[in-house]
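Peer 1:
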Amino acid sequence: MSMSIASGYLPILIMIVLGIILAGVFCCIGLFLGPKLRGEVKEIPFESGFLRDGMEGQRYDVKFYMTALVFLIFDVEVVFLYPWAVQIRELGWFGFTASSVFLGILILGLAYDWKKRALEWE
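Laid out in structure tokens, this is it:
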């Protein structure tokens, strides 16, 4: 039985190894065949659409962090809801109730963010 389980994971292992090899091949091809132009414009740091002229010691605005946190919360929500959506028939009412409570808590958090105007970009 353990041999059949291991053989079930073999295609996944092969895909991971092939993906790593292919990524390495593409990186090496890019290093050898890509242009090697260096200049003043290439050396300028470019961060999130803003040139950093004289802003090295300044802090980022809180809006960037709020946007990132809201994105992470709802991104993690999708990670938790996907297995539930796949197994909804086997989980029955318990799974439905648990996911409803989870979604309710997230909707309350979204309502709080909305009330505090964390979603507005001013």
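Be aware that the sequence shown starts at 171, since it is given in our numbering, and climbs by one per residue.
Glycine included, every Cβ here is placed at the ideal spot set by N, Cα and C.
Note that the coordinates shown come from a computational prediction; the quantities given were computed from them, not determined experimentally.
Tell me whether the beta-carbon of W254 lies closer than 8 angstroms to the beta-carbon of S270.
Peer 2: Residue 254 sits at position 84 when you count from the first residue of the sequence shown. Residue 270 sits at position 100 when you count from the first residue of the sequence shown. No, these two residues do not count as a Cβ contact at 8 angstroms.
Peer 1: Could you give the first and the last residue of the continuous alpha helix (DSSP H) run that contains L239?
Peer 2: Mapped onto the sequence shown, residue 239 falls at position 69. L239: member of the alpha helix (DSSP H) spanning V232 to V256, first to last residue.
Peer 1: Should the stretch 189 to 206 be called in touch with the stretch 250 to 265, which here means at least 3 C-beta pairs below 8 angstroms?
Peer 2: no
Peer 1: What is the DSSP secondary structure of G112, counted as helix, strand or coil?
Peer 2: Residue 112 falls outside the range modelled here, since the chain spans only 171 to 292, and no answer is possible.
Peer 1: Going straight from the alpha carbon of G189 to that of S174, what length do you get?
Peer 2: As a working mapping, residue 189 is identified with position 19 in the sequence shown. As a working mapping, residue 174 is identified with position 4 in the sequence shown. Approximately 24 angstroms, taken between the alpha carbons.
Peer 1: By how many angstroms is the C-alpha of I182 removed from the C-alpha of I191?
Peer 2: Here residue 191 refers to the residue found at position 21 of the sequence shown. Here residue 182 refers to the residue found at position 12 of the sequence shown. Going from the Cα of I191 to the Cα of I182 covers about 14 angstroms.
Peer 1: Whose C-alpha, out of Y179, C197, V240 and F266, is nearest the C-alpha of I277?
Peer 2: Position 107 of the sequence shown, counted from the first residue, corresponds to residue 277. Per the Cα distances, V240.
Peer 1: Per DSSP, what kind of secondary structure is R229 in: helix, strand or coil?
Peer 2: Mapped onto the sequence shown, residue 229 falls at position 59. Coil, per DSSP.
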